[in-house]
Amino acid sequence: MNQHIGTLKRWRVQIFAITWLAYAAFYFTRKAFSVAKLGIAEDPTFMLDKMAMANLDAIYLTAYAIGQFTWGILADRFGPRVVVLGGLLISAAAALVMGSFATLPIFATCMLIQGLAQSTGWSGLCKNLGSFFPAQQRGQVLGLWSSCYAFGGLVASPFAGWWAYTLIGSWHAAFISSAAVVGLVAVLFFIFQRNTPQDVGLPAVEPEPELTVEEAHAQSKISLWEPLKDILRNRTVLVLGLAYFMLKPARYAILLWGPVIVFEQMPSVGKVGAAIIPTAFELAGLLGPIMLGLASDKLFGARRMPACVLSLLALTVSLGFFMGALHSGSVVLVVALLFVMGLTLYGPDSMISGAAAIDFGTAKAGATAAGFVNGCGSVGAILGGLLPGYFDTVTVFIVFAGCALFSAVVLIPHWNSRPAGQGSHKARVPNQAITIKPLRT
Numbered sequence: 001m002n003q004h005i006g007t008l009k010r011w012r013v014q015i016f017a018i019t020w021l022a023y024a025a026f027y028f029t030r031k032a033f034s035v036a037k038l039g040i041a042e043d044p045t046f047m048l049d050k051m052a053m054a055n056l057d058a059i060y061l062t063a064y065a066i067g068q069f070t071w072g073i074l075a076d077r078f079g080p081r082v083v084v085l086g087g088l089l090i091s092a093a094a095a096l097v098m099g100s101f102a103t104l105p106i107f108a109t110c111m112l113i114q115g116l117a118q119s120t121g122w123s124g125l126c127k128n129l130g131s132f133f134p135a136q137q138r139g140q141v142l143g144l145w146s147s148c149y150a151f152g153g154l155v156a157s158p159f160a161g162w163w164a165y166t167l168i169g170s171w172h173a174a175f176i177s178s179a180a181v182v183g184l185v186a187v188l189f190f191i192f193q194r195n196t197p198q199d200v201g202l203p204a205v206e207p208e209p210e211l212t213v214e215e216a217h218a219q220s221k222i223s224l225w226e227p228l229k230d231i232l233r234n235r236t237v238l239v240l241g242l243a244y245f246m247l248k249p250a251r252y253a254i255l256l257w258g259p260v261i262v263f264e265q266m267p268s269v270g271k272v273g274a275a276i277i278p279t280a281f282e283l284a285g286l287l288g289p290i291m292l293g294l295a296s297d298k299l300f301g302a303r304r305m306p307a308c309v310l311s312l313l314a315l316t317v318s319l320g321f322f323m324g325a326l327h328s329g330s331v332v333l334v335v336a337l338l339f340v341m342g343l344t345l346y347g348p349d350s351m352i353s354g355a356a357a358i359d360f361g362t363a364k365a366g367a368t369a370a371g372f373v374n375g376c377g378s379v380g381a382i383l384g385g386l387l388p389g390y391f392d393t394v395t396v397f398i399v400f401a402g403c404a405l406f407s408a409v410v411l412i413p414h415w416n417s418r419p420a421g422q423g424s425h426k427a428r429v430p431n432q433a434i435t436i437k438p439l440r441t
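Take 1 as the starting number for the sequence shown in UniProt numbering and just add one per residue.
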């Protein structure tokens, strides 16, 4: 028994580390195009205006949204190892092609492929973690684990910008260097990742009840789409999806257009500077989920929604003031406001996107639930990719401020919801009680 406990602890550390690294790595190929835009805009051999770039982002984000709704179901059925490893390899290959061949048809095709590949990550890796950690630990574990996407965004743009504009002197290097990182992580994922404790000779952390032959046979006939049907009957999950839909546009506009927005308004900072300044947003994203979790515990008695709502209201204000900061020409003011925006956006982002995965179910439909909520957010993210290419930046950020405010409003009715075991708010579906609690950090 003691040997099993020690082995399980080691595997938990290993699975946490490799899944964290895998999701962070996805951001290298995800953000390569946002950095490459700076060089493409001045490349006479490959003419893409802002609207064309926005359309390419929309292709990527549409594919990403579709993938979120489907890959979670497949990860529940076939396991994260196959789904996520395939996503890493295909993402690296698509970025390599974009760095090697500069034509619009190739870029459009690769952005479609990239979106589908990138969307394998969240739901599959959440399921992977859920298989190694019991329910009472998952909130805290996922709260810490969710720093992976803030970290990935934080380092990916400066990394690609340094390769492209300092070391090599060509936007092509933004794609190729990012592809190399993701390819290397795919190899590490293949070596160190396993789907469940049972795959390494350990018992399940939450053993499922034994089924009779008849029950097992009936379960095998359950439709692949049955977990999604259950989710669509859960009102709380639908509210989380709506809130995430409204929250995502601002985040993805900064991720995909941040360097361009900064360079247009403050050209004196240069291309590398324009790639670095928006990383203040992701840097704050490392702290946002932790700070919001502490606030919800200490100030609101484990009620998560009050902290989310107040954070979203602060985000609304910071988005409204962002263009004024850019027009001031003050790098310090812009960096400070981006930091505040990241602090007030990533906390609610982490809670909303992780809640369904933690609470819907550990073994059967965790990836499906995570995929659904993130799919809703990814549909919203399409606006984040499109709007900066079609409208002036002032209008865009006013719209994003309104979206953040709406996201806060739809969460207010859930103000008093609590984690399971602390006066939890429950939403029931046929044959199963589902407790929805925001992500603990």
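Heads up, the beta-carbon is just placed ideally off N, CA and C, and yes, glycines get one too.
Problem - the region 98-113 / the region 72-82 touching (three or more Cβ pairs under 8 Å) - result: no
Practice task
Please classify Gln114: is it buried, with 16 or more other beta-carbons within 10 angstroms of its beta-carbon, or exposed?
Solution key: On the sequence shown, residue 114 is found 114 positions in, with the first residue counted as 1. Classification of Gln114: buried, given that the 10 Å Cβ count is 16 or more.
Problem - Nearest-angstrom Cβ-Cβ length linking Val83 and Ala75, presumed shorter than 8 Å - result: Numbered from its first residue, the sequence shown carries residue 83 at position 83. Numbered from its first residue, the sequence shown carries residue 75 at position 75. Correct: roughly 5 Å between the Cβ atoms.
Practice task
In the DSSP assignment, find the unbroken alpha helix (DSSP H) run with Ser330 in it and report its ends.
Solution key: Stepping through the sequence shown from its first residue, residue 330 is reached at position 330. From DSSP, Ser330 is part of no alpha helix (DSSP H); its letter is neither H nor E.
Exercise for the section: Give me the Cβ distance between Val335 and Ile277, rounded to the nearest whole Å; I'm assuming they're in contact under 8 Å. Expected result: Along the sequence shown, one-based indexing puts residue 335 at 335. Along the sequence shown, one-based indexing puts residue 277 at 277. Going by Cβ atoms, the distance from Val335 to Ile277 rounds to 6 Å, so yes, they are a contact pair.
Problem - Reduced DSSP category for Leu48 - H, G, I as helix; E, B as strand; rest coil - result: Start at 1 with the first residue of the sequence shown, and residue 48 comes out as number 48. Reduced to three states, the DSSP call for Leu48 is coil.
Practice task
Kindly confirm or deny that the region 298-307 and the region 57-72 touch, where touching means at least three C-beta pairs closer than 8 Å.
Solution key: Result no; under three Cβ-Cβ pairs closer than 8 Å.
Exercise for the section: Name the residue from Leu283, Pro306, Leu312 and Leu38 whose alpha carbon lies nearest to the alpha carbon of Trp415. Expected result: Within the sequence shown, the letter at position 415 stands for residue 415. Out of Leu283, Pro306, Leu312 and Leu38, Pro306 has the C-alpha closest to the C-alpha of Trp415.
Practice task
Report back the beta-carbon spacing between Lys271 and Phe281 to the nearest angstrom; my notes put them in contact at under 8 Å.
Solution key: Here residue 271 is taken as the residue at index 271 of the sequence shown, counted from 1. Here residue 281 is taken as the residue at index 281 of the sequence shown, counted from 1. Not really, about 18 Å apart at Cβ, beyond 8 Å.
Problem - Residue closest to Tyr64, alpha-carbon to alpha-carbon, out of Ser131, Leu21 and Trp122 - result: Translated into positions along the sequence shown, residue 64 becomes position 64. That would be Trp122, whose Cα lies nearest to the Cα of Tyr64.
Exercise for the section: Report all residues from its chain with a CB closer than 7 Å to the CB of Asp349; omit the five preceding and five following residues, and keep chain order. Expected result: For the purposes of this step, residue 349 is identified with residue 349 of the sequence shown, where counting begins at 1. Taken in chain order, the residues that qualify are Leu247 and Arg251.
Problem - Assigned secondary structure, Ile191 (DSSP; H/G/I helix, E/B strand, else coil) - result: Residue numbering aside, residue 191 sits at position 191 when the sequence shown is read from its first letter. If DSSP states are grouped into helix, strand and coil, Ile191 belongs with the helices.
Handout entry: Whole-number beta carbon distance between Leu315 and Met341, since they are thought to touch under 8 Å
Key = Numbered from its first residue, the sequence shown carries residue 341 at position 341. Numbered from its first residue, the sequence shown carries residue 315 at position 315. Rounded, the Cβ-Cβ distance is 6 Å, consistent with contact.
Problem - Backbone CA spacing between Ile412 and Ala52 [nearest angstrom] - result: The count along the sequence shown starts at 1 and reaches residue 412 at position 412. The count along the sequence shown starts at 1 and reaches residue 52 at position 52. Each residue's alpha carbon lies about 38 Å from the other.
Exercise for the section: Consult DSSP for Ile277 and reduce its assignment to one of helix, strand or coil. Expected result: Looking up residue 277 in the sequence shown gives position 277. Coil.
Practice task
Specify the secondary structure class of Met266 as computed by DSSP and reduced to three states.
Solution key: Looking up residue 266 in the sequence shown gives position 266. Met266: coil per DSSP, three-state reduction.
Practice task
Measure the alpha-carbon distance for Val181 versus Val331 and round it to whole angstroms.
Solution key: Within the sequence shown, numbered from 1, the residue matching residue 181 stands at position 181. Within the sequence shown, numbered from 1, the residue matching residue 331 stands at position 331. Taking the straight line joining both Cα atoms gives about 30 Å.
Exercise for the section: Could you say which of Glu42, Gly124, Lys50 and Thr19 lies nearest to Gly67 if we only look at CA atoms? Expected result: On the sequence shown, position 67 is the one that residue 67 refers to. Of all alpha-carbon atoms in Glu42, Gly124, Lys50 and Thr19, the one lying nearest the alpha-carbon of Gly67 is that of Gly124.
Problem - Given 8 Å, three or more beta-carbon pairs between the region 163-180 and the region 28-42 - result: yes
Exercise for the section: Return the chain-ordered list of same chain residues with a C-beta closer than 7 Å to the C-beta of Phe245, the five sequence neighbours on each side being excluded. Expected result: On the sequence shown, residue 245 is found 245 positions in, with the first residue counted as 1. The answer, listed in chain order, is Cys376, Gly377, Val379 and Gly380.
Handout entry: Straight-line gap, Ala357 to Lys127 (C-alpha atoms, nearest Å)
Key = Taking the first residue of the sequence shown as 1, we reach residue 357 at position 357. Taking the first residue of the sequence shown as 1, we reach residue 127 at position 127. Model confidence at Ala357 stands at a pLDDT of 44, short of 50, so the residue's coordinates are unreliable and nothing is read from them.
Problem - Residue span of the alpha helix (DSSP H) that contains Gln198, given as start and end - result: Residue numbering aside, residue 198 sits at position 198 when the sequence shown is read from its first letter. Looking at the DSSP string, Gln198 is not in any alpha helix (DSSP H), and its letter there is neither H nor E.
Handout entry: Residue environment, Ser146, which counts as buried when at least 16 other CB atoms sit within 10 Å
Key = Indexing the sequence shown from 1 puts residue 146 at position 146. Counting Cβ neighbours within 10 Å, Ser146 comes out buried, since at least 16 surround it.
Practice task
Report the residue from Gln14, Trp11 and Met98 whose alpha carbon sits nearest the alpha carbon of residue 484.
Solution key: Outside the displayed range of the chain (1 to 441) lies residue 484, so it cannot be described from this structure.
Exercise for the section: Taking all protein chains shown into account, decide if Gly6 is buried (16 or more other Cβ within 10 angstroms of its Cβ) or exposed. Expected result: Residue mapping note: residue 6 aligns to position 6 of the sequence shown, counting from 1. Answer is exposed; the Cβ neighbour count stays below 16.
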